[in-house]
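Count along the sequence shown from 1, then add 4; that gives the number in this note's numbering.
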Amino acid sequence: MGQAASTPLEADLREAAEERYLSYALSVITSRALPDVRDGLKPVQRRILYAMYQNLRLTAGARPRKSAAVVGEVLGKYHPHGDQAAYEAMVRLAQPFALRYPLVHGEGNFGSLDGDSAAAMRYTEARVTALAEEMLADLGAGTVTLRANYDATLEEPTVLPTAIPQLLMNGSTGIAVGMATNIPPHNLREIVAALTAMIDEPDLDVKGLLKHVKGPDFPTGGEMLNSKRELRQIYESGQGAIRLRGTYKLETLPRGKRQIIIHSIPYTVNKAELVEQIAQVIVSRKLPQVTDVRDESTGDVRIVLELKAEASPETALAYLYKHTPLQTNFNVNLTCLLPTANPAVGQPARVTLRDLCRQFLDFRMTVVTRRLEHEKRQLESRLHILEGLAKIYDDLDRAIRIIRKAESRADAAKQLMAAFKLDQVQADAILEIRLYQLARLEIEKIRAERTEKRRRVKEIEGLLARPRERWKLIRQELTALGEKYGDARRTALAAGDDLSYDPEAYIVHEEATVILSRDGWLKRVREVKDPTATRLREGDALAAVLPGTTRDRLVLFSTRGTVYVLRVADVPATTGYGEPVQSLLKFGDGERVAAARLVREAGDGPQAALPGLAEKTVIVATAKGYGFRATPDLSETTRAGRRVARVGEGDEIVSIEPVLGTTVVVATRRGKMLRFPLEEVVELAGPGRGVILMRPSKEDDDRIVGALALPKDATFIAVTPEGGERRIALGEVPAGRRAGKGQKVVKRGGVAGVKRMDEMG
């Protein structure tokens, strides 16, 4: 018989789930996604560097080894997770476009700005950089706490004893549970200047630090647009947006041709995708100033934009900055792990620039102090042996006689200890001496070594006794590192404001006709010779054919009282059915287009006139007979539109027509009509319901189909349900007062709508 099944654990599901998820969240936060404020590394990065330096001895001067060997070493001894994840972490440490100061030197394909993946780990090779060695050099000096690895067979450091401010230099990015981090990289020289200033003035605040730190310095260069005030707010709060854009120069070619050369792009932007997006903009004719784009990049970024003759480079760039990743935001989030009483667990917190500098300096003081203490212990141990050797050298012949007469090593040690007042350690060291070390020259070397070590011990004791002297030492070391590894800033500071962006400058001016179907399909074509030949879906019909230009604006009034205004150039150009208006604009359930008009650009703005008309005011009518006059704002709207009327339950807008005269005519679908003066119709300044224009008969299930405001001697058209048209003079419509029931004018067939003579089809 097999073993009995284990007793199932009974627990409340909610409590068990909360406990396990909390454990998972803490693991992600403290052991995976967030960097330590002291060395700026996540656990996998720390283990990679430690394994390469300590185990594989892949120093900056060593021959690189296969990346697969590094990954295997890391996974097998310290990081029992996925090999691909560990390899990708190592690859990022080697990418000069990802890290401002790479910590791994990679040989082979380690990816590119175009988003290309690195070659498989069996092909690439790696070793640490000289800068990374500065993070690892003090490992053997007892400077940091060690802990057991995952299977308790080895030890690994909880943090690296870095001499460089890695977190500020290279930044970090990661997503944990309930929190994330996105720390930008900075220039080493500027950070060293800020740190040394804080050593000199411990109470230095963010404002003082920003006299040295000009802002982030990204590996891909670019240009930063933030003001000093904005940067101060970001560094004081630990969050905010850094606005970045690519940089460019102009090149003049023979025959007066010019081209824009983009020579740096924003951080984290994929160059190939950027070029593709620019190409799509050019092909879709949204950027008429540019005729072509080419990527001529080799070692450096070089994206070429060919300009049309007389085109403005600033205008072209303003569009690209707005509509492509050539300008983007880096959202700063200075979240990291702060040290706690438990060396193996950090406390997540959002910090300021001052906190980052202070934490690094305090950690550096701890490392230097422990390094000096370790060095002092080593020196004292060696001095102890040297003191014993000095006693022997003062009476060397006697010591040799004792050793020669001794019966064994242990006996020799015992006799030496008694004769020269030595301890066991000193006696053992004497017995290990080789014969050549008894020469007079070697004896003098040992005596000189003793003198030097005594001097160094005294020097260290002075450093340990005076913190100010240790700060001087830290300052000297930081300054030396800044001089050795520092370089010029790559990210420029913008001198001016953003380029002026005018949407109208990017519209190709050409004739265009907008076609709207009854079912709400919208499209733009160059011209329409025969409207009846327009391609429509089965069962659909034409609702509006509006000739104009790409610089006009399309105005759509909905049945729910909302106006939508968009540029004709933004209407999909196609010879097919077009696009549903609901995919372009945010229509509500059951909402349809009640009227469509074009607004031409006139001297006094886009609201100047509807095509061929002189008045701005419109008259609005609903199916239940309500209406009003208004002067709607016809400037461009968002997808959500702009409310111009309030429609009651079960009611809807049926017509919106320009006011052309002082006489109003209202028609119902049963053929009834009413004529009255325009002055009886209220004019509203904002969205409203208005007044009753005409009362449709409820017994006949009648409803209003349209209202016009025309000159008193005008003629209009009544459209039948079958599409027929009948001309009617205003004089044929019985006059009355507003809110009347009207009289039957069209005896047969009813009326589907009314329209002006200039709309006669």
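Glycine is no exception: its CB is placed at the ideal position from the N, C-alpha and C atoms.
| query | result |
| --- | --- |
| If we ignore side chains and look at the alpha-carbon of each, how far apart do N346 and K70 end up? | 36 Å |
| Please classify H190: is it buried, with 16 or more other beta-carbons within 10 angstroms of its beta-carbon, or exposed? | buried |
| Check whether the segment 161-168 and the segment 140-152 touch, using three or more Cβ-Cβ pairs below 8 Å as the test. | yes |
| Check R438 in the structure and name its three-state DSSP category. | coil |
| Against chain C, does V603 count as a neighbour if the rule is that its beta carbon must be under 8 Å from one of theirs? | Among the protein chains of the structure shown there is no chain C, as only one such chain exists. |
| Does the Cβ-Cβ distance between G244 and I269 come in under 8 Å? | no |
| In this structure, how does DSSP classify A511 when only helix, strand and coil are distinguished? | The amino acid at residue 511 is misidentified as Ala; the sequence shows Ile. Here I511 sits in coil by DSSP. |
| Which residue comes first and which comes last in the beta strand (DSSP E) that contains M677? | K676 to P681 |
| For the ligand ATP, I want to know if L254 counts as a neighbour, meaning its beta carbon is within less than 7 Å of at least one of the ligand's heavy atoms. | The ligand ATP is absent from the structure shown, which contains no ligands of any kind. |
| Taking the C-alpha atoms as reference points, what is the distance between G594 and T621? | 27 Å |
| In the structure shown, what three-state DSSP assignment does H109 receive? | strand |
| Identify every residue that forms a DSSP beta bridge with D299. | I307 |
| If you run the structure through DSSP and keep just helix, strand and coil, what is Y630? | strand |
| For a quick check, are the C-beta atoms of L546 and S521 less than 8 Å apart? | yes |
| Could you check where the beta strand (DSSP E) with L150 kicks off and where it finishes? | L150 to A152 |
| Name the DSSP bridge partner or partners of I660? | V624 |
| Run through DSSP, which three-state label would A21 get? | helix |
| Under three-state DSSP, which class holds G392? | helix |
| On a CA-only basis, which of V371, M228 and A625 is nearest L477? Give me that one, please. | V371 |
| How about the segment 134-146 and the segment 72-86: do they share at least three Cβ pairs that are nearer than 8 Å? | no |
| Taking only the alpha-carbon atoms, compute the straight-line gap between D534 and Y271 and give it to the nearest angstrom. | 53 Å |
| May I ask which residues mark the beginning and end of the alpha helix (DSSP H) holding H327? | P317 to H327 |
| If we ignore side chains and look at the alpha-carbon of each, how far apart do I33 and D120 end up? | 29 Å |
| Which term fits R405, buried or exposed, when burial requires 16 or more other beta carbons within 10 angstroms of its beta carbon? | exposed |
| Taking the continuous beta strand (DSSP E) assigned at P169, which residues delimit it? | No beta strand (DSSP E) contains P169, which DSSP labels as neither H nor E. |
| With distances taken between CB atoms, is the gap from D523 to R539 smaller than 8 Å? | no |
| Nearest-angstrom Cα distance between G175 and I396? | 57 Å |
| Indicate whether V749 and E736 have their beta-carbon atoms separated by less than 8 Å. | yes |
| Do A313 and Q293 have their beta-carbon atoms positioned less than 8 Å apart in this structure? | no |
| Answer with buried or exposed for K449, where buried requires no fewer than 16 other C-beta atoms within 10 angstroms of its C-beta. | exposed |
| Got a sec, what are the start and stop residues for the beta strand (DSSP E) L420 sits in? | Looking at the DSSP string, L420 is not in any beta strand (DSSP E); the run it does join, the alpha helix (DSSP H), is R413 to F424. |
| Go ahead and label A516 buried or exposed: buried means 16 or more other beta carbons lie within 10 angstroms of its beta carbon, across all protein chains shown. | buried |
| If you measure between the beta carbons of V41 and L360, is that distance less than 8 Å? | yes |
| Using the Cβ count rule (16 or more neighbours within 10 Å means buried), how would you classify Q428? | exposed |
| Do G665 and R693 come within 8 Å of each other at the CB atom, strictly closer than that value? | no |
| With G552 and R601 assumed to form a contact (beta carbons below 8 Å), what rounded beta-carbon distance in angstroms separates them? | At roughly 10 Å, the Cβ-Cβ gap does not stay under 8 Å, so G552 and R601 are not in contact. |
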